[in-house]
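Taking numbering that gives the first Met the number 0, the leading residue of the sequence shown gets 0, the next gets one more, and so forth.
Notes follow the structure.
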Amino acid sequence: MTKDAETNGHNFKREMLAALPNLRAFAISLIRSRDRADDLVQDTIMKAWAKQESYQPGTNMRAWLVTILRNEFYSQIRKSGREVQDTDGAYTSRLSVPPEQHGSVDLHDFRQALEKLPDDQREAILLIGASGFAYEEAAEICGCPVGTIKSRVSRARMRLQELLGIESENEFGPDAQTTAVTAAVSMR
Numbered sequence: 000m001t002k003d004a005e006t007n008g009h010n011f012k013r014e015m016l017a018a019l020p021n022l023r024a025f026a027i028s029l030i031r032s033r034d035r036a037d038d039l040v041q042d043t044i045m046k047a048w049a050k051q052e053s054y055q056p057g058t059n060m061r062a063w064l065v066t067i068l069r070n071e072f073y074s075q076i077r078k079s080g081r082e083v084q085d086t087d088g089a090y091t092s093r094l095s096v097p098p099e100q101h102g103s104v105d106l107h108d109f110r111q112a113l114e115k116l117p118d119d120q121r122e123a124i125l126l127i128g129a130s131g132f133a134y135e136e137a138a139e140i141c142g143c144p145v146g147t148i149k150s151r152v153s154r155a156r157m158r159l160q161e162l163l164g165i166e167s168e169n170e171f172g173p174d175a176q177t178t179a180v181t182a183a184v185s186m187r
């Protein structure tokens with residue numbers, strides 16, 4: 000390190016330390032909490048120290064530091080708007096999600112059952128159920144009457160229920176035990 004660099008580093012440190020009382024007072028006026036103001040000043044000093052090569056010697060050190068502090072303050076405000084305060088874990092403990100493995104197994108079973116359908120029924124149910132086409136559109140795509148598409152979809156649904164062993168609509172989604180557990184957790 001050259002003598003000039005040492006002198007500049009020493010002057011930078013001295014000017015920064017001299018600005019601390021004003022910087023702290025400004026931080027307290029922004030935040031109105033001494034502890035949080037001290038944290039803000041510390042963050043400001045750390046950023047200033049890391050970026051000291053961008054400071055122009057001979058310019059106003061206090062103004063430079065106040066600008067950094069102000070920018071840091073507004074960054075923290077923006078960040079806090081996206082965060083949820085949950086210091087005691089109450090919010091987190093109420094969050095629950097059904098286990099994913101049941102859905103994966105159900106999807107696998109459904110795909111296997113879908114493969115067992117005749118081609119015309121599989122095509123019809125995929126056009127109506129998965130792709131969201133209207134019966135008329137599906138009929139046009141398949142080149143057959145609308146009644147034929149409706150019949151194919153109906154037969155495909157009944158065959159899928161049979162293949163999957165589904166007897167009522169209550170059998171869709173998480174099982175009763177999983178639903179009870181997730182409901183109990185979210186009630187806390």
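Built from N, CA and C at the ideal position, the CB exists for glycine as well.
Note that the structure is predicted; figures quoted are calculated from it, not measured.
ask   = Assuming Gln120 and Arg158 make a contact with CB atoms under 8 Å, what is their CB distance in whole Å?
value = The sequence position of residue 120 within the sequence shown is 121, counting from 1. The sequence position of residue 158 within the sequence shown is 159, counting from 1. Contact between Gln120 and Arg158 holds: CB atoms are separated by about 7 Å, below the 8 Å threshold.
inquiry  = If you reduce the DSSP assignment to three classes, tell me which class Glu166 lands in.
reply    = Within the sequence shown, the letter at position 167 stands for residue 166. In the displayed model, Glu166 falls within coil according to three-state DSSP, outside both helix and strand.
request  = Going by CA-CA distance only, name the one from Ser130, Ile44, Glu52 that's closest to Asn21.
outcome  = Counting from 1 along the sequence shown, the entry for residue 21 is found at position 22. Nearest C-alpha to Asn21: Ile44.
inquiry  = Counting beta carbon pairs with one atom in the segment 60 to 68 and one in the segment 32 to 48, are three or more of them shorter than 8 Å?
reply    = Yes, the segment 32 to 48 touches the segment 60 to 68.
query = In angstroms, rounded to a whole number, what distance separates the CA positions of Trp48 and Tyr90?
reply = Stepping through the sequence shown from its first residue, residue 48 is reached at position 49. Stepping through the sequence shown from its first residue, residue 90 is reached at position 91. Approximately 38 Å between the Cα atoms of the pair.
query = Between the C-alpha atoms of Thr147 and Leu113, what's the straight-line distance to the nearest angstrom?
reply = Position 148 of the sequence shown, counted from the start, is the residue given in the question as residue 147. Position 114 of the sequence shown, counted from the start, is the residue given in the question as residue 113. Roughly 19 Å between the two C-alpha positions.
request  = Write down the C-beta distance between Leu94 and Ala155 rounded to the nearest angstrom, noting that I regard them as a contact closer than 8 Å.
outcome  = Reading the sequence shown from its first residue, position 95 is the one you call residue 94. Reading the sequence shown from its first residue, position 156 is the one you call residue 155. Approximately 38 Å separates the beta-carbon atoms of Leu94 and Ala155; this is outside 8 Å, ruling out the contact.
query = If you run the structure through DSSP and keep just helix, strand and coil, what is Ser32?
reply = Against the sequence shown, residue 32 aligns to sequence position 33. Three-state result, Ser32: coil.
task = Over the uninterrupted alpha helix (DSSP H) stretch that includes Ala66, give me the two end residues.
result = Here residue 66 is taken as the residue at index 67 of the sequence shown, counted from 1. Note that residue 66 corresponds to Thr in the displayed sequence, not to Ala. For Thr66, the enclosing alpha helix (DSSP H) stretches over residues 60 to 80.
query = Is DSSP giving Cys141 helix, strand or coil here?
reply = Working through the sequence shown from its first residue, we reach residue 141 at position 142. Taken through DSSP and simplified to helix, strand or coil, Cys141 comes out as helix.
inquiry  = On the DSSP letters alone, give me the boundaries of the alpha helix (DSSP H) that Ala123 sits inside.
reply    = Taking the first residue of the sequence shown as 1, we reach residue 123 at position 124. For Ala123, the uninterrupted alpha helix (DSSP H) segment begins and ends at 118 to 124.
request  = Drop a sphere of 10 angstroms on the beta-carbon of Leu106, count the other beta-carbons inside from all chains shown, and report buried for 16 or more, exposed for fewer.
outcome  = For the purposes of this step, residue 106 is taken as residue 107 along the sequence shown, with counting starting at 1. By the neighbour-count rule (16 or more Cβ atoms within 10 Å), Leu106 is not buried but exposed.
request  = Count the other C-beta atoms from every protein chain shown that fall within 10 angstroms of the C-beta of Val152, then say buried if there are 16 or more, exposed otherwise.
outcome  = The residue labelled residue 152 in the question sits at position 153 within the sequence shown. Burial of Val152 is indicated by the presence of at least 16 other C-beta atoms within 10 angstroms of its C-beta.
ask   = What three-state label does DSSP hand Pro56 in the structure shown?
value = Here residue 56 corresponds to residue number 57 of the sequence shown, with the count starting at 1. Coil at Pro56, not helix or strand.
inquiry  = Can you look up Thr43 in the DSSP assignment and give me helix, strand or coil?
reply    = In the sequence shown, residue 43 corresponds to position 44, counting from 1. Helix, per DSSP.
key: Under 9 Å between C-beta atoms of Leu39 and Gln75   = As a position in the sequence shown, residue 39 is number 40, starting the count at 1. As a position in the sequence shown, residue 75 is number 76, starting the count at 1. Yes, the Cβ-Cβ distance between Leu39 and Gln75 is below 9 Å.
message = Applying the 10 Å Cβ sphere with the 16-neighbour rule, what's the burial state of Ala24?
response = For the purposes of this step, residue 24 is taken as residue 25 along the sequence shown, with counting starting at 1. Ala24 should be labelled exposed.
ask   = Helix, strand or coil: how does DSSP classify Ser103 here?
value = Here residue 103 refers to the residue found at position 104 when the sequence shown is read from its first residue. Correct three-state label for Ser103: helix.
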